[in-house]
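Protein chains in written order, with this note's numbering: chain S, 1 to 534; chain C, 1001 to 1419; chain L, 2001 to 2154.
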Amino acid sequence: MGKNYLIGIGGTGARVAEAVVHCCAAGMGPDELTLFLIDPDEGNGNLSRTKSLVTHYQSCRQAYTQRSGDHVPLFRTRLRTPETLVWSIFDEKNSTLGGFVNLHNLRENAEDRPLADFISVLFTREELDTELNEGFRGHPSIGAVVMATPDPHAEPWKTFWDDVASCQAPHEARVFLVGSIFGGTGAAGVPTFGARDMIKQNPAALVDDGTSKVLLGGALVLPYFTFESPESPPTGADGAPEMYVTPADFPIATQAALQFYNEKDLGFDQMYLLGDSLAQRVGRFSHGNQGQENRPHYIELVSALAAFDFFGQPEVPPGSEPAYFYACRDGRPVDWNALPGTRDASRLAQQQSEAKLALCSMTAFAYAMATEGAAVLDAAHDQVKDAWYRRNFTFNPRRPEDAGLDPRQHAQRAAIDTVARFGEQFLQWISALDEETGDVRLVDRRRLFVDASALDEQEEARLLPPREHLAAIGEFVKGSRRGPDFAAFLDTMRDVRIDSAAMSPANRWINLFYEAAREFCATGYNIPSAARPR
Amino acid sequence: MPPRRAFCLLASAVILLSGCSKPRVDSVEFPDDASRAVLGTIQTGDSLRVSVYVDGTVSMAGFLSGGTSHYVDFLDDLESTVQNSIRRAEVRYFKFGRTVRELDRGGFRGAREPAFYAERGISEVTQIDSVIQCPAGAHVAVVVTDLFQDEGDVQAVVGRIKDRCFGRGAAVGVLAVPSQFDGMVYDARVPAYRYASSAERASYRPFYALLFGAPEHVERLHQALRAQPYVEQGHFTLVSPYVVREFDVQLAKSKDSRHLNRRDEKRPRHFRFDVRKGGDGGTLTADVTVRLKPSAPDYRPERVELVAFRREGAADSARTEDVTLRSVRRSGEVLNATLELRAPDQPGSYAYRVSLVTGPLDGFASPAWVRTLSSPNPTATDGPNKTLNLERFVSDLRRAASSVHAPELARWYMDVRKL
Amino acid sequence: MVRTAPINYLLTAAAGGLLWTALAVGLGGYLGDVVPLQERTTEEFLGLYRIVLGVVLVLALANCFYWYFLGSRRQAAVNLRGARRVWMGSLLGQVVLSVVALLTLVLLLQAEGLTLGNFAAIFAALSLLTYVFFWAATLLASPPAVEFIPLGKR
Chain S
1 MGKNYLIGIG
11 GTGARVAEAV
21 VHCCAAGMGP
31 DELTLFLIDP
41 DEGNGNLSRT
51 KSLVTHYQSC
61 RQAYTQRSGD
71 HVPLFRTRLR
81 TPETLVWSIF
91 DEKNSTLGGF
101 VNLHNLRENA
111 EDRPLADFIS
121 VLFTREELDT
131 ELNEGFRGHP
141 SIGAVVMATP
151 DPHAEPWKTF
161 WDDVASCQAP
171 HEARVFLVGS
181 IFGGTGAAGV
191 PTFGARDMIK
201 QNPAALVDDG
211 TSKVLLGGAL
221 VLPYFTFESP
231 ESPPTGADGA
241 PEMYVTPADF
251 PIATQAALQF
261 YNEKDLGFDQ
271 MYLLGDSLAQ
281 RVGRFSHGNQ
291 GQENRPHYIE
301 LVSALAAFDF
311 FGQPEVPPGS
321 EPAYFYACRD
331 GRPVDWNALP
341 GTRDASRLAQ
351 QQSEAKLALC
361 SMTAFAYAMA
371 TEGAAVLDAA
381 HDQVKDAWYR
391 RNFTFNPRRP
401 EDAGLDPRQH
411 AQRAAIDTVA
421 RFGEQFLQWI
431 SALDEETGDV
441 RLVDRRRLFV
451 DASALDEQEE
461 ARLLPPREHL
471 AAIGEFVKGS
481 RRGPDFAAFL
491 DTMRDVRIDS
501 AAMSPANRWI
511 NLFYEAAREF
521 CATGYNIPSA
531 ARPR
Chain C
1001 MPPRRAFCLL
1011 ASAVILLSGC
1021 SKPRVDSVEF
1031 PDDASRAVLG
1041 TIQTGDSLRV
1051 SVYVDGTVSM
1061 AGFLSGGTSH
1071 YVDFLDDLES
1081 TVQNSIRRAE
1091 VRYFKFGRTV
1101 RELDRGGFRG
1111 AREPAFYAER
1121 GISEVTQIDS
1131 VIQCPAGAHV
1141 AVVVTDLFQD
1151 EGDVQAVVGR
1161 IKDRCFGRGA
1171 AVGVLAVPSQ
1181 FDGMVYDARV
1191 PAYRYASSAE
1201 RASYRPFYAL
1211 LFGAPEHVER
1221 LHQALRAQPY
1231 VEQGHFTLVS
1241 PYVVREFDVQ
1251 LAKSKDSRHL
1261 NRRDEKRPRH
1271 FRFDVRKGGD
1281 GGTLTADVTV
1291 RLKPSAPDYR
1301 PERVELVAFR
1311 REGAADSART
1321 EDVTLRSVRR
1331 SGEVLNATLE
1341 LRAPDQPGSY
1351 AYRVSLVTGP
1361 LDGFASPAWV
1371 RTLSSPNPTA
1381 TDGPNKTLNL
1391 ERFVSDLRRA
1401 ASSVHAPELA
1411 RWYMDVRKL
Chain L
2001 MVRTAPINYL
2011 LTAAAGGLLW
2021 TALAVGLGGY
2031 LGDVVPLQER
2041 TTEEFLGLYR
2051 IVLGVVLVLA
2061 LANCFYWYFL
2071 GSRRQAAVNL
2081 RGARRVWMGS
2091 LLGQVVLSVV
2101 ALLTLVLLLQ
2111 AEGLTLGNFA
2121 AIFAALSLLT
2131 YVFFWAATLL
2141 ASPPAVEFIP
2151 LGKR
């Protein structure tokens, strides 16, 4: 079996990776996927979120081990990560470009002085002296230098090259790079790792006949959001002005990058160009670290879909011409039918429908687990009279030998909670795609979460109690007919049959909720699917 | 348990339980002949033969009383009265005394003449027993006489009547018609004496028309004869197996009869009871309404007896002591009787036919008029116009009739189920 | 299938009819032979007994049908606490009904002399036709949403 690799570069790469992980949880990803990130800004909020999510996903895979059938794609993708999930490029903190290239020593050494002078010509003093622990601050040229020579014996590259080495056939390894076309790390990393000798034609990637084991793809994410520019330029501790990027820089940077990609003979076999003109606001300005945690954007979801399309395509013969893919919207609204799901036009509608079903099912699943599921688990067994529960969890709580059948038993509850918490994160992510302008018409946040204005400032977002907001679960999908209410969801749960007697209570619980959610969405929202659950 | 199996189990249990109830045993019943047994035959048809026997003895001559008397009127009106009341009536006449001789109409009309009562070979002795006959069918014999009777005669006559009439289910009606009298009174214990009635009705001396025949025909003829005022003013008593005009029975159990339950029964005079396990019967209270025929003598309640027959299965019925009369009390037309029911030990269904009958001895009281008109020893100065031993005659008649067939006052039927 | 309309209605009615038949005819036949009666005839007693049984059965059936109706409504699964209250209230109501029916018979038959054992048998019949029947019918034929509300359902 081939290897699928997703390398997320920079903040955008991290957010796309986040979207990929969520979509894998929903069952949209390939059977197996190895993922790592590249970002010098270790404290980056987006990166931290993604790292945490990947770890959580893997915990869910350990918790949810028994699938009730092939029609339950939940956490289907086997997500691997190298020992080091993030290649932070620098070994030391607070590295600078000057320090990275050892400029000082070059200057000191007479033989190397011309090189030092050359470097001084290429880079400004600012660029040479700025600490890069918070990214390249919109200067991809810096990144191109520091990322040009990754150590193949250090993680995550060691794992990467070991996996490539284990492949035998051409294009057996499918490597997909994701990063922004503008900005800093992504803009530097994508073309850098896209160079022929970095990955595609790296000697370690060649088959005996000179063809590459690697099918290299990439997603270049064009400008898709905006943020508030600082009122005054940021300054450092010494009062000197610091490097930063503003939304005004995006068009120029994008133009320059596209020109570069057009002229440069990179090693990509397939390229996806993605962007959005809505300029969604994603938060306040921050040049890096924790302050840079942008809200999820639907383009990241689209990028994830591009990655899945890349990983899922048929075998590509060596020597094929490079392919470029782009997708446009027909109008301002972005709805389920606007999501570009596949390069194959004949399968577009079906793929869109399956993506919609997967994401909506995951949403309903997560919502029900976090609300109704939690409430039932908090109640004693004898107090729960719901038919779906009684039919699937039949035991006597007073008999010690039946303790293992109780989903409230510690280990079982822990497994369920692991998945439930992931589900809450998924809900946060998919709800965040919704925006106030109403242009993005995927999931209606107001049907899942309590109105933020009703919460205290420090209070975390709360889910709507389904028994008090019966209609919510039938109305969270935008652009669909109004679905049935929570009572119908409970009826659906009641009718789900999990026939395996050997299944653990936690797995049974998860399967039950998921199957009900999927059936509810398929029938309630009328989302056709090639394979409906039995 | 799967719902389907539970339902099948329930249905099976239900069917079994329903089948466990005791099947109703076909009751064995008596045919309901209460009306006929108590009331007798009502239908009479539209024809009647009447045979009139006129006493031609010398004692009867005084009733002519110069040619105008109720006796003469009676004889004159007899045929027409009958003919007018009965659509197809046939009347024959006879003269009797020592012997019996049929008369034609002309001969019958001679009864208004004194010579009628002086015919040799007839007028010497009144042998009533020679004309005592209770013809069958629609035929009534009317014996017109002055009913002299000493003890021996009474006994003989009553015996003859018992054999020839009562024994065949016939009845005897004694019609006393007070009439003017002017002549010799014979047949008393004292030598014959002369008696003449005055204009006072109380001084009249009665003659008698004894009516012999089927009870319904005797009653019918009496009804016809009553058209005449002198007959209406007279007195009549019927000695018959049937003395009841109508009756009704209401039967209930006493409150202390805890082992006895009453069952529904729509038919009149039919009652059903259950004797529950652990008991053998109970006490019943019967309210019997008895309306006597106007011409029947009154009965003595203290002489009333209860007769019960029991039938079980296909066997014939037999007299039984299962039902006994504990007490009886009369209040006007209503007899309140207390009965005891003791069912047999064997569980099963039993049918009873219960009758309240008049006592065979002194079951009836003599009518007042009989006592008034009767005398054990009429003399010229003491009850000269009374009839010797009339009361004795009538009471003996009644006793003789009861000895053959004691009249029933009421009859009813009981089905008793011993559980 | 037993728990879906109209099957559950029909089966419940049929079961009630069968039960009434067994108690009215079967037990009735027995009672008719053993109860002491002072005023009424046995048929009058049985008629009264059967009418009372019929009335309580009709009310029990109505209660069952109301439960089925409630349980089959769309919102049934959402408010199981309310449903539980309704079911318990119905069960208690049936208990009260059986007692009221018994008292009615006691009053109507007070002059008859029935024993305690007789009334106990009658109360057993009334119980079977009221709260026992209601409990059993709802246990077996409640709509799926409220299937586990009746006591004893596991």
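All C-beta atoms in this analysis are idealised placements derived from N, C-alpha and C, irrespective of residue type, glycine included. In this text, all values refer to a predicted model and were calculated from it rather than measured experimentally.
Answer yes or no: do residue 464/S and residue 447/S have a C-beta to C-beta separation smaller than 9 Å?
What you label residue 464/S is simply residue 464 of the first sequence in a count that begins at 1. What you label residue 447/S is simply residue 447 of the first sequence in a count that begins at 1. In this structure, residue 447/S lies closer than 9 Å to residue 464/S by Cβ.
Do residue 1323/C and residue 1354/C have their C-beta atoms within less than 9 Å of each other?
Position 323 of the second sequence, counting from 1, holds the residue named residue 1323/C. Position 354 of the second sequence, counting from 1, holds the residue named residue 1354/C. Yes, Cβ-Cβ distance for residue 1323/C and residue 1354/C is below 9 Å.
In whole angstroms, what is the alpha-carbon distance linking residue 221/S and residue 121/S?
Position 221 of the first sequence, counting from 1, holds the residue named residue 221/S. Position 121 of the first sequence, counting from 1, holds the residue named residue 121/S. Straight-line Cα distance between these residues: approximately 30 Å.
Which value, in whole angstroms, describes the spacing of the CA atoms of residue 1175/C and residue 1272/C?
One-based indexing of the second sequence puts residue 1175/C at position 175. One-based indexing of the second sequence puts residue 1272/C at position 272. Each residue's alpha carbon lies about 44 Å from the other.
Taking only runs that begin and end inside the stretch 122-194 of chain S, name each unbroken beta strand (DSSP E) of 3 or more residues, in chain order.
The qualifying runs are 173-180.
Counting Cβ pairs closer than 8 Å, one from the stretch 1069-1088 of chain C and one from the stretch 1225-1240 of chain C, do we hit at least three?
yes
Can the beta-carbon of residue 2131/L be found less than 9 Å from the beta-carbon of residue 2080/L?
On the third sequence, residue 2131/L is found 131 positions in, with the first residue counted as 1. On the third sequence, residue 2080/L is found 80 positions in, with the first residue counted as 1. No; because the gap between Cβ atoms is not below 9 Å, this pair is not in contact.
If you draw a straight line from the C-alpha of residue 267/S to the C-alpha of residue 8/S, how long is it?
In the first sequence, the residue the question calls residue 267/S occupies position 267. In the first sequence, the residue the question calls residue 8/S occupies position 8. Spanning the alpha carbons of residue 267/S and residue 8/S requires a straight line of approximately 17 Å.
Taking its Cβ as the centre, do 16 or more other Cβ atoms sit within 10 Å of residue 28/S, making it buried, or is it exposed?
As a first step, residue 28/S must be located in the first sequence, where it is residue number 28. It is buried - the Cβ of residue 28/S has at least 16 other Cβ atoms within 10 Å.
Rounded to whole angstroms, what's the CA-CA distance from residue 2060/L to residue 2018/L? Just pull it up for me.
Stepping through the third sequence from its first residue, residue 2060/L is reached at position 60. Stepping through the third sequence from its first residue, residue 2018/L is reached at position 18. Each residue's alpha carbon lies about 14 Å from the other.
Do residue 1298/C and residue 1236/C have their CB atoms nearer than 9 Å?
For the purposes of this step, residue 1298/C is taken as the residue at position 298 of the second sequence. For the purposes of this step, residue 1236/C is taken as the residue at position 236 of the second sequence. Taking 9 Å as the Cβ cut-off, residue 1298/C and residue 1236/C do not qualify as a contacting pair.
Can you confirm whether residue 488/S, when its beta carbon is compared against all beta carbons of chain L, has any partner nearer than 9 Å?
Mapped onto the first sequence, residue 488/S falls at position 488. Yes, contact with chain L.
Find the residues of chain S that neighbour residue 2149/L, judging by a C-beta separation of less than 7 Å, and give them in chain order.
By 1-based counting over the third sequence, the position of residue 2149/L is 149. By Cβ distance, chain S contributes 385.
Closer than 9 Å, CB to CB, is residue 499/S near chain L or not?
Translated into positions along the first sequence, residue 499/S becomes position 499. No, residue 499/S does not count as interfacial toward chain L.
Under 8 Å: do the stretch 270-278 of chain S and the stretch 411-418 of chain S share three or more Cβ pairs, one atom per stretch?
no
Between residue 454/S and residue 2148/L, what straight-line distance do the alpha-carbon atoms span, to the nearest angstrom?
On the first sequence, residue 454/S is found 454 positions in, with the first residue counted as 1. On the third sequence, residue 2148/L is found 148 positions in, with the first residue counted as 1. Taking the straight line from one Cα to the other gives about 37 Å.
List the residues that DSSP assigns as beta-bridge partners of residue 1324/C.
Position 324 of the second sequence, counted from the start, is the residue given in the question as residue 1324/C. Residue 1324/C is bridged by DSSP to 1340/C.
Here's the rule I'm using: 16 or more other beta-carbon atoms within 10 Å means buried, otherwise exposed. How should residue 181/S be labelled?
Translated into the one-based positions of the first sequence, residue 181/S becomes position 181. It counts as buried.
Should the stretch 1112-1125 of chain C be called in touch with the stretch 1053-1072 of chain C, which here means at least 3 C-beta pairs below 8 Å?
yes
May I have the straight-line CA-CA distance separating residue 125/S from residue 109/S, to the nearest angstrom?
Locating residue 125/S in the first sequence gives position 125, counting from the first residue. Locating residue 109/S in the first sequence gives position 109, counting from the first residue. Rounded to whole angstroms, residue 125/S to residue 109/S spans 19 Å at the Cα level.
Which chain C residues are close to residue 2037/L, counting only those with a beta carbon under 8 Å from its beta carbon?
Walking along the third sequence from the start, residue 2037/L turns up at place 37. Those are 1261, 1262, listed as they occur along chain C.
From the beta carbon of residue 2080/L, is the nearest beta carbon of chain B less than 9 Å away?
The structure shown contains no chain B; its protein chains are S, C and L.
Please classify residue 381/S: is it buried, with 16 or more other beta-carbons within 10 angstroms of its beta-carbon, or exposed?
As a working note, residue 381/S is residue 381 in the first sequence. Flag for residue 381/S reads buried.
How would you write the range of the alpha helix (DSSP H) that residue 1060/C sits in, first residue to last?
Sequence index remark: in the second sequence, residue 1060/C carries index 60 (1-based). First-last for residue 1060/C: undefined, no H or E at that position.
Using a Cβ-Cβ cutoff of 7 Å, what residues of the stretch 1358-1382 of chain C are near chain L? List them in chain order.
none
Counting contacts by CB-CB distance shorter than 9 Å, is residue 1419/C in contact with chain L?
Here residue 1419/C refers to the residue found at position 419 when the second sequence is read from its first residue. Among the residues facing chain L, residue 1419/C is included, as its CB has a counterpart in that chain under 9 Å away.
Rounded to the nearest angstrom, how far is the Cβ of residue 116/S from that of residue 128/S, given a contact under 8 Å?
Counting from one through the first sequence, the residue named residue 116/S turns up at place 116. Counting from one through the first sequence, the residue named residue 128/S turns up at place 128. Not really, about 10 Å apart at Cβ, beyond 8 Å.
By DSSP, does residue 419/S sit in helix, in strand, or in coil?
The residue labelled residue 419/S in the question sits at position 419 within the first sequence. Correct three-state label for residue 419/S: helix.
What are the boundary residues of the alpha helix (DSSP H) that includes residue 2133/L?
Your numbering for residue 2133/L matches position 133 in the third sequence. Note, residue 2133/L: alpha helix (DSSP H), 2131-2141.
Are there three or more Cβ pairs, one per stretch, closer than 8 Å when the stretch 353-365 of chain S is compared with the stretch 518-532 of chain S?
yes
Check each candidate in 461/S, 372/S, 457/S and name the one with the smallest Cα separation from residue 467/S.
Counting from 1 along the first sequence, the entry for residue 467/S is found at position 467. It is 372/S.
Tell me whether the beta-carbon of residue 60/S lies closer than 9 Å to the beta-carbon of residue 36/S.
Counted from its first residue, the first sequence places residue 60/S at position 60. Counted from its first residue, the first sequence places residue 36/S at position 36. Cβ distance not < 9 Å, so residue 60/S and residue 36/S don't count as in contact.
Going by beta-carbon coordinates alone, are residue 6/S and residue 178/S separated by less than 9 Å?
The residue given as residue 6/S occupies position 6 in the first sequence. The residue given as residue 178/S occupies position 178 in the first sequence. Yes, the pair counts as a contact, with Cβ atoms nearer than the cut-off.
Below 7 Å CB to CB, which residues in the same chain sit around residue 1397/C once its five sequence neighbours on both sides are set aside?
Residue 1397/C sits at position 397 when you count from the first residue of the second sequence. Excluding sequence neighbours, residue 1397/C sits near 1158, 1161, 1172, 1239.
Go ahead and pull the three-state DSSP assignment for residue 1286/C.
Taking the second sequence and counting its residues from 1, one reaches residue 1286/C at position 286. Residue 1286/C falls in the strand class under three-state DSSP.
With contact counted as at least three CB pairs below 8 Å, one residue from each stretch, are the stretch 515-522 of chain S and the stretch 2085-2105 of chain L in contact?
no
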